[in-house]
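Residues are numbered in my numbering as their position in the sequence shown, beginning at 1, plus a constant of 12.
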Amino acid sequence: MDHPGEHGRCGPEPTVRRWRPPARLSLSNTPSGEGHRWGYNALPHPPSNEPCATTTMYTRPLLLIGLLLVGTALFPRTPERVIAKLKAGHHAAGRSPGEGNGTGNAMIDALTRDLPGAVVERVHTGRQSPPSTFVIQLPPDTDADRLMDAYRRSGEVEYVERDHQGLAGGVQGVVPTDTSYPLQWGLSNQGTFALAPAVAGADIQMEDAWTVEQGDGSITVAIIDTGTKWDHPEFAGRIWTNTAEIAGNGVDDDGNGLVDDIRGWDFANNDNDPMDDQGHGTNVTGIIGAQGDNGIGFAGVDWNCKLMSLKALDSDSYGYYSWWASAIHYAVDHGAQVINMSIGGTSSSSTLSDAVNYALSHGVVVVACMMNTNANTTFYPAGIPGVIAVGSTDPDDTRSAPFFWSNTSGSNFGAHISVVAPGNYIYGLSHLSNSNYSTYWGGTSQATPLVAGLAALLLASSPGLTPAEVKTIVETSAEDMVGAANEDTPGWDPYHGHGRVNAFNALTGSVGTRTADLMPTFTVFPNPTEGTVTVQLPEHTQRLEVYDAQGRSIHRWTGSARSTTTLQLTTSGLYYIEVATATARQGQRLIVR
């Protein structure tokens, strides 16, 4: 990942002339604020050596437009963009989405009109009428900070911020052609992986999980990424289709502001073909849902869910937050139950947080990657509360540090991490071929779709689960203390979170434990219950603890004399009962109706 470019002054302070009708303003200024363009390699962008440009424009006495132009651009390959959300009631009544090059707010539009070449676009936030969130693409040499300050001082906006950028969280490698499923060590690790040291059982126990659940076509997983090779044979019959839209008629049949969005949408290029032009998204989609047990290629985690492709990264694997937010709203409004975001940017954002909260409040699970800078650095959307934030492990069960593609890379860590999953040397589908099964990738991007696929299986098994409940199941069923002893300490830790994901535990209601220390399963009955439940404890039990769906302890018992205990739970919902001996712990899921 690139570090932000250095920001220094590139010219003298601007000389501003007081406004007279024919007078002009000559403004040479320096960029300020934070750089938000990121790349793969851990090298800083070189500071620009170009002299500041001098630009002239007419000034206005009241709107203070003379403060908008600057010189050297931080990222010359793309123009500066800002996002503005209008306050409720501060837009033009009856304004149609996309009508004209403006927001419908007279003062904001007056500010924007004085920037020749500025383009205003609506951020897709569902079927709001009228729209309230807009992206303003600024002409070259515009001082975005001063424009945003002018917007704020107008009193017309709820917030205004840069349209930050992020990128994908995985990098590709290539090996000679070989057989397929045996290469998927993250699903079933025999300890014989050829490319790296491996430990048998350092996987998500997928073969056992498939005996419990293989997925359901009523569940849709949205993949917000570089797109998907949706015509790949491994996705036959699995690509989500917008049945409210008539293909090829050039009409927005479902009234969502997008024409002929049959297979999703390409928010990077603003068209209706989310075909992958980079490769990252096809790999990620295949990890979630490549058709299993069909005699070819690879097996995804979920063999039956629908796959919604939403392209929100360009061919260089970069994307604006406004694209990501639009894709989230699209996914929610079109029935996705799970969203996979193997992408991230370092800047926090109200726009992105609003979109994620929109998803969570509508019952949609959001899974995102921790990213790969081997640092305690928060990337978004993984850092937004309620998101399942996923780190990466190697075939030997240690935290991925480094990944195969850079000695300075590694799975990020921090206070927001939920779980880890296999993410290095992950073989997958190619966006360039229907028959090439020899490509592999590495990154938290590849760990994340394993968890998104598991979330889809959980919803197929228990359709009423909330995002918070799915998150709790994934976390409490993870295997703890599998990594290096100095990082993977007992309980939650900032390197592995709650542990390595275990799909079988999650689907059977077991609370994760070290494989070497398994204890006899205890009995909970009746389950589901109306409120009273009896727990039959294994011999040598020293602790019993009950957790609610948010992971909060609501009851705890310690001792050694009991063989059974009775619990009274008066609030309906999902609970976890955990029992522990001196050397191990085990748990089960309980439903109170």
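Ideal placement from N, C-alpha and C gives every residue a C-beta, glycine not left out.
(message) At a cut-off of 7 Å, would you count D305 as near the ligand FMN, judging by its Cβ distance to the nearest heavy atom?
(response) Among the components of this structure there are no ligands whatsoever, and the ligand FMN is therefore not found.
(message) If you measure between the beta carbons of S430 and E499, is that distance less than 8 Å?
(response) no
(message) Less than 7 Å between C-beta atoms, sequence neighbours within five positions excluded: which residues of the same chain meet that for H341?
(response) H136, T137, G138, A367 and Y370
(message) Excluding the 5 residues flanking P34 on each side, which residues of the same chain have their C-beta closer than 8 Å to its C-beta?
(response) The predicted position of P34 is uncertain, since its pLDDT is 29 and thus under 50; a value taken from the coordinates is nonetheless stated next. Answer for P34: no residue qualifies.
(message) Give me the residue from H244, V233 and P407 with the minimum Cα distance to A339.
(response) V233
(request) Go to M353, then tell me how far its alpha helix (DSSP H) extends in each direction, as first and last residue. (result) First-last for M353: V350 to M353, but that is the beta strand (DSSP E), not the alpha helix (DSSP H).
(request) Give the straight-line distance between the Cα atoms of G465 and T420, rounded to the nearest whole angstrom. (result) Going from the Cα of G465 to the Cα of T420 covers about 29 Å.
(request) Would you grab the beta carbon distance between L325 and A180 for me? Rounded to a whole angstrom, and I think it's under 8 Å. (result) Confirmed, about 6 Å.
(request) With F391 as the anchor, note down where its beta strand (DSSP E) starts and where it stops. (result) No beta strand (DSSP E) holds F391; DSSP gives it neither H nor E.
(request) Give every residue of the same chain whose Cβ lies closer than 6 Å to the Cβ of P540, excluding the five residues on either side of it in the sequence, and list them in chain order. (result) I603 and R605
(request) Count the other CB atoms, across all protein chains shown, that sit within 10 Å of the CB of T390; report buried if there are 16 or more and exposed otherwise. (result) Result: buried.
(request) Would you grab the beta carbon distance between N384 and I236 for me? Rounded to a whole angstrom, and I think it's under 8 Å. (result) Between I236 and N384 the Cβ distance is about 18 Å, and since that is not below 8 Å, they are no contact.
(message) I'd like to know if the region 448 to 462 and the region 291 to 308 are in contact, where contact means that at least 3 CB-CB pairs between them fall below 8 Å.
(response) Yes: the two stretches touch, three or more of their Cβ pairs being nearer than 8 Å.
(request) Could you tell me which of Q600, Q598, L469 and D406 sits nearest to G198, measuring between CA atoms? (result) D406
(request) Can you give me the Cβ contacts of S617 inside the same chain, cut-off strictly under 7 Å, excluding the 5 residues immediately before and after it? (result) Because the chain in this structure spans residues 13 to 605, residue 617 falls outside the shown range and cannot be described.
(request) Identify every residue that forms a DSSP beta bridge with G178. (result) Answer is G331, bridged to G178.
(request) Spell out the partners DSSP gives S234 in its beta bridges. (result) The sequence shown places Ala at residue 234, not Ser. DSSP lists M320 and I351 as partners of A234.
(request) Could you give the DSSP three-state label for R564: helix, strand or coil? (result) R564 falls in the coil class under three-state DSSP.
(request) Work out the CA separation of V402 and S2 for me, nearest whole Å. (result) Residue 2 is absent from the structure shown; the chain starts at 13 and stops at 605.
(request) Let me know the beta strand (DSSP E) ranges lying completely inside the region 235 to 293, each 3 residues or longer, listed in chain order. (result) Qualifying beta strand (DSSP E) stretches, in chain order: 276 to 278.
(request) Leaving out five residues on either side along the sequence, give the residues of the same chain with a beta carbon under 7 Å from the beta carbon of Y193. (result) F310 and A311
(message) Check this for me: beta carbons of V224 and L519, under 8 Å apart or not?
(response) yes
(message) Within 8 Å, do at least three Cβ pairs link the region 269 to 289 to the region 202 to 210?
(response) Between the region 202 to 210 and the region 269 to 289, the count of C-beta pairs closer than 8 Å stays below three; the two stretches do not touch.
(message) Whether or not the region 471 to 486 and the region 263 to 280 are in contact is what I'm after, with contact meaning three or more pairs of Cβ atoms, one per stretch, closer than 8 Å; do they touch?
(response) no
(request) Tell me whether the beta-carbon of S329 lies closer than 8 Å to the beta-carbon of E173. (result) No, the Cβ-Cβ distance between S329 and E173 is not below 8 Å.
(request) Grab me the residues of T576's own chain with a C-beta within less than 7 Å of its C-beta, minus the 5 sequence neighbours each way, in chain order. (result) T546, V547, Q548 and L549
(message) Going by DSSP in three states, I308 sits in which element: helix, strand or coil?
(response) coil
(message) Rounded to the nearest angstrom, what separates T593 and D505 at their Cα positions?
(response) 21 Å
(message) Out of I95, H567, D265 and L322, which one is the CA nearest neighbour of A348?
(response) L322
(message) Rounded to the nearest angstrom, what separates S565 and H244 at their Cα positions?
(response) About 46 Å.
(request) Alpha carbon to alpha carbon, how far is A212 from G521? Give it in angstroms, no decimals. (result) 23 Å
(request) Measure from the alpha carbon of H508 to the alpha carbon of each residue in K97, D175, E491 and G260, then state which is nearest. (result) E491
(request) Please work out which residues of its chain come closer than 6 Å, Cβ to Cβ, to H567, disregarding the five sequence neighbours upstream and downstream, and give them in chain order. (result) V558
(request) Measure the CB-CB distance between L127 and L150 and report whether it falls below 8 Å. (result) yes
(request) Could you spell out where the alpha helix (DSSP H) holding G571 opens and where it closes? (result) First-last for G571: undefined, no H or E at that position.
(request) Output yes or no for whether 8 Å exceeds the beta carbon distance between R250 and Q196. (result) no
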